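> According to my numbering, the sequence shown is numbered sequentially starting from 9. Before I ask anything, here is the structure I am working with.
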Amino acid sequence: MTIDFAWQRRRCGALALTLFLAALSPAFAATGVGVTGQGSYVTQPDPKHPGMYLWKLWARDFIIEAPDKNVSGTLKGVHAILFQNGKQTADMVAPQAQSDNVKETIVASGGVVVKSLTQPGTILRADNVVWNAASRKIIASGHVFYKNGKTGMTIQPRGRLIADTVLKSVRSDDGGSIKLP
């Protein structure tokens, strides 16, 4: 069988292509599949809210793996929109990220910037950010900087910073938490 990956990628997106290939036959899925390419757009549907998304993600380069029904990928030049209850809540940009459809996570690294779309001017920067769709939490580590756009308050914890997806409620591993209006 011959498949034009460039055509399929443009038409379906990398994740959809991987799922399509894995579903072709049990033998094909059992041996696994991998796709490498440039310029992808990936969405993760929200299983709890049909027709809504957990995230939409664009990547300059990608490697998608699907050894079975679990689909994961390594992405370069990443821009993602994070959702909560069907609403766009944050914009994330990272040099590199990994996504996992089973764990419903995005693990971004290399200097990550997350901007709240509901709290104007609120920003989070860190070396690494893990976003978990199920818990709706962002966990930032390494040179963490948080600024609240409404109050101007900044936080630079020694440890990790844990925030909700809209960057409104934040707490540090060092202790203490803040919920902003």
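Just so it is clear, CB atoms sit at the ideal spot from N, CA and C, and this is done for glycine as well. Every value quoted in this text rests on a predicted model; they were computed, and no experiment measured them.
Kindly indicate which residue of Ser177, Ala116, Gln106, Ala148 has the alpha-carbon position closest to the one of Ile71.
Of the candidates Ser177, Ala116, Gln106, Ala148, the one whose C-alpha sits nearest the C-alpha of Ile71 is Gln106.
> Going by CA-CA distance only, name the one from Ile114, Leu132, Ala74 that's closest to Trp139.
The shortest C-alpha separation from Trp139 is found at Ile114.
> Between which residues of its own chain and Gln164 is the CB-CB distance below 8 Å, once the five residues before and five after are set aside?
Excluding residues within five positions, the ones whose Cβ falls inside 8 Å are Val152, Phe153, Tyr154.
> Flag this pair as yes or no: are the beta carbons of Thr97 and Leu65 separated by less than 7 Å?
No, the Cβ-Cβ distance between Thr97 and Leu65 is not below 7 Å.
> Report, in whole angstroms, the separation of the C-beta atoms of Asp69 and Tyr61, which I expect to be a contact under 8 Å.
That belief does not hold up - the Cβ atoms of Asp69 and Tyr61 are roughly 22 Å apart, past 8 Å.
> For the beta strand (DSSP E) holding Leu62, just list the boundary residues, first then last.
61 to 74 is the span of the beta strand (DSSP E), which, as asked, contains Leu62.
> Under 8 Å by Cβ, that's how I've got Val120 and Ile131 pegged, so tell me the actual separation to the nearest angstrom.
Not a contact, Cβ separation roughly 11 Å.
> Which parts of the segment 77 to 106 are runs of the beta strand (DSSP E), unbroken and 3 residues or longer, counting only runs that do not cross its ends?
Within the segment 77 to 106, the complete beta strand (DSSP E) runs of at least 3 residues are 80 to 92.
> Quick one: give me the first and last residue of the beta strand (DSSP E) that Ile158 is part of.
Before going on, a small fix: residue 158 reads as Lys here, not Ile. Premise fails: Lys158 is in no beta strand (DSSP E) and is neither H nor E.
> What does DSSP give as the partner residues of Leu169 in its beta bridges?
Partner(s): Ala148, Ser180.
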